[in-house]
Amino acid sequence: MSKEEYKPKILGFLCNWCCYAAADAAGVSRYQYPPNLRTIRVMCTGRVDPSFVLRGFVEGADGIFTGG
Amino acid sequence: MGMNALVFNVLQEIGVNPERFSLQWASAAEAPRFVKLITEFTGKIKELGPLGQAEGIEPDEMKIRLDKGLAAVSSRKVRMVFGNTAKTIRKEGIFTQEYINGVIEAKLTKAITKALTAEEATEGAKPAAPEKEKPAAKKAAPRKAASKAKPAAKKAAPKKAAAKAKPAAKKAAPKKKGTAKKK
Numbered sequence: 010m011s012k013e014e015y016k017p018k019i020l021g022f023l024c025n026w027c028c029y030a031a032a033d034a035a036g037v038s039r040y041q042y043p044p045n046l047r048t049i050r051v052m053c054t055g056r057v058d059p060s061f062v063l064r065g066f067v068e069g070a071d072g073i074f075t076g077g
Numbered sequence: 356m357g358m359n360a361l362v363f364n365v366l367q368e369i370g371v372n373p374e375r376f377s378l379q380w381a382s383a384a385e386a387p388r389f390v391k392l393i394t395e396f397t398g399k400i401k402e403l404g405p406l407g408q409a410e411g412i413e414p415d416e417m418k419i420r421l422d423k424g425l426a427a428v429s430s431r432k433v434r435m436v437f438g439n440t441a442k443t444i445r446k447e448g449i450f451t452q453e454y455i456n457g458v459i460e461a462k463l464t465k466a467i468t469k470a471l472t473a474e475e476a477t478e479g480a481k482p483a484a485p486e487k488e489k490p491a492a493k494k495a496a497p498r499k500a501a502s503k504a505k506p507a508a509k510k511a512a513p514k515k516a517a518a519k520a521k522p523a524a525k526k527a528a529p530k531k532k533g534t535a536k537k538k
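Protein chains in written order, with our numbering: chain P, 10 to 77; chain U, 356 to 538.
1) Go to P/V51, then tell me how far its beta strand (DSSP E) extends in each direction, as first and last residue.
2) When DSSP labels each residue in this structure, what does P/E72 get in the three-state scheme?
3) Can you grab the Cα-Cα spacing for the pair U/V390 / U/K469, in whole Å?
4) Using a Cβ cut-off of 7 Å, pull out every chain P residue sitting near U/I400, in sequence order please.
5) Please list the partners that P/R64 has in chain U, where partner means a Cβ-to-Cβ separation under 7 Å.
6) Which of the three DSSP states, helix, strand or coil, is assigned to P/G21?
7) Compute the distance between the beta-carbons of U/S382 and P/A31, then report whether it is under 8 Å.
8) Can you check which of these residues, P/R39, P/A70, P/G65, is closest to U/L403 by C-alpha distance?
9) Can you name the start and end residues of the alpha helix (DSSP H) that U/S382 belongs to?
10) Measure the CB-CB distance between U/G424 and U/V365 and report whether it falls below 8 Å.
11) Look at the alpha carbon of U/N372 and the alpha carbon of U/T451, and state the distance between them as a whole number of angstroms.
12) Is the beta carbon of P/G65 sitting closer than 8 Å to the one on P/C24?
13) Using a Cβ cut-off of 8 Å (strictly closer), state whether P/C53 contacts chain U.
14) Roughly how many angstroms separate the alpha carbons of U/K432 and U/A466, rounded to a whole number?
15) Taking all protein chains shown into account, decide if U/A386 is buried (16 or more other Cβ within 10 angstroms of its Cβ) or exposed.
16) State the DSSP-derived secondary structure class of U/F396, mapped to helix, strand or coil.
17) So with CB distances below 8 Å, who are the chain P contacts of U/R405?
18) Going along the chain, which residues of its own chain have a beta-carbon closer than 7 Å to the beta-carbon of U/K464, five neighbours each way excluded?
19) Ignore the nearest five residues each way along the sequence and tell me which others in U/M417's own chain have a CB closer than 6 Å to its CB.
20) In angstroms, rounded to a whole number, what distance separates the CA positions of U/A507 and U/A473?
Next comes the structure, spelled out in structure tokens:
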């Protein structure tokens, strides 16, 4: 499999008030960004627990992005 | 910020590249910055390849290690030390990433390695639990599980862990409550 075909699974924990809104704004203003991100909206980045991240890797994520 | 330091430590301990986890900041008004961050992060993960490939770990081995890491992070001991460390960081009032990384590493490395190795010891107990449905394994497995779980727990924290070990023993051998208590 070549590198171009490989589509990484990226899990994103996005804060409702910051990164999630930023992602929304990026969509509204039609910025292009990679479609590999699977988003989980949390009400605050402080809600993200280390076990969430490890669980994400267990469930098969290749990378985990946390955005506050 | 302490959270990502802990995750980095655990990932390093179990042999996963810590770059696979990233904690970044972008406000609601910073859509271009968010796009930049996501593009960079995706590029980095694409370079690293699927989980385990860059690390040179087989998928089965990876699964075992990640389960261990998850159990370590969820363990009461690690969470307690982490909470206390966060409290001291708040008290001291220094919030640079380097300082927090240093404190977390100094205080938690011991607890993490302990939790990871303790998981190895109790690993025998976990698969034993579903075996109770099998009539053949009924007699042998629960006893082993109970005896294995207890010494491991005693090492970690004598009084509190004993309470922890009991429900585990109960799960493993619901019918043999009496024998577990006598021991």
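We treat Cβ as the ideally placed atom computed from N, Cα and C, and that holds for glycine.
Based on what the coordinates show:
1) Stepping through the first sequence from its first residue, residue 51 of chain P is reached at position 42. Residues 46–51.
2) As a first step, residue 72 of chain P is located in the first sequence; it is residue number 63 there, counting from the start. For clarity, residue 72 of chain P is Gly in the given sequence; the question names Glu instead. Note: P/G72 maps to strand in three-state DSSP.
3) Sequence index remark: in the second sequence, residue 390 of chain U carries index 35 (1-based). Sequence index remark: in the second sequence, residue 469 of chain U carries index 114 (1-based). Cα to Cα, the separation comes out at about 40 Å.
4) To locate residue 400 of chain U, count along the second sequence from 1; it is residue 45. What U/I400 touches in chain P, judged by beta-carbon distance under 7 Å, is P17, I19, D71, G72, going in chain order.
5) Numbered from its first residue, the first sequence carries residue 64 of chain P at position 55. The contacting residues are L425.
6) As a first step, residue 21 of chain P is located in the first sequence; it is residue number 12 there, counting from the start. Reduced to three states, the DSSP call for P/G21 is strand.
7) Within the second sequence, numbered from 1, the residue matching residue 382 of chain U stands at position 27. Within the first sequence, numbered from 1, the residue matching residue 31 of chain P stands at position 22. Going by C-beta atoms, U/S382 is nearer than 8 Å to P/A31.
8) By 1-based counting over the second sequence, the position of residue 403 of chain U is 48. Taking only the C-alpha atoms, the option nearest U/L403 is P/A70.
9) Position 27 of the second sequence, counted from the first residue, corresponds to residue 382 of chain U. No alpha helix (DSSP H) holds U/S382; DSSP gives it neither H nor E.
10) The residue given as residue 424 of chain U occupies position 69 in the second sequence. The residue given as residue 365 of chain U occupies position 10 in the second sequence. Yes, these two residues count as a Cβ contact at 8 Å.
11) Position 17 of the second sequence, counting from 1, holds the residue named residue 372 of chain U. Position 96 of the second sequence, counting from 1, holds the residue named residue 451 of chain U. Straight-line Cα distance between these residues: approximately 23 Å.
12) Residue numbering aside, residue 65 of chain P sits at position 56 when the first sequence is read from its first letter. Residue numbering aside, residue 24 of chain P sits at position 15 when the first sequence is read from its first letter. Contact flag unset, no.
13) For the purposes of this step, residue 53 of chain P is taken as the residue at position 44 of the first sequence. Among the CB atoms of chain U, none fall inside 8 Å of the CB of P/C53.
14) Within the second sequence, the letter at position 77 stands for residue 432 of chain U. Within the second sequence, the letter at position 111 stands for residue 466 of chain U. Their backbone Cα atoms lie some 7 Å apart in a straight line.
15) Position 31 of the second sequence, counted from the start, is the residue given in the question as residue 386 of chain U. When all chains shown are included, U/A386 counts as buried.
16) On the second sequence, residue 396 of chain U is found 41 positions in, with the first residue counted as 1. Helix, per DSSP.
17) Start at 1 with the first residue of the second sequence, and residue 405 of chain U comes out as number 50. It is worth fixing the name first, because residue 405 of chain U is Pro in this sequence and not Arg. Ordered by position in chain P, the residues that pass the 8 Å Cβ test against U/P405 are Y15, P17, D71.
18) On the second sequence, residue 464 of chain U is found 109 positions in, with the first residue counted as 1. Note that residue 464 of chain U corresponds to Thr in the displayed sequence, not to Lys. Excluding positions up to five away in sequence, the list reads N364.
19) The sequence position of residue 417 of chain U within the second sequence is 62, counting from 1. Once the five neighbours on either side are set aside, the close Cβ partners of U/M417 are G407.
20) Taking the first residue of the second sequence as position 1, residue 507 of chain U is located at position 152. Taking the first residue of the second sequence as position 1, residue 473 of chain U is located at position 118. Its pLDDT being 48, under 50, U/A507 is placed unreliably in this model, and the coordinates cannot settle the point.
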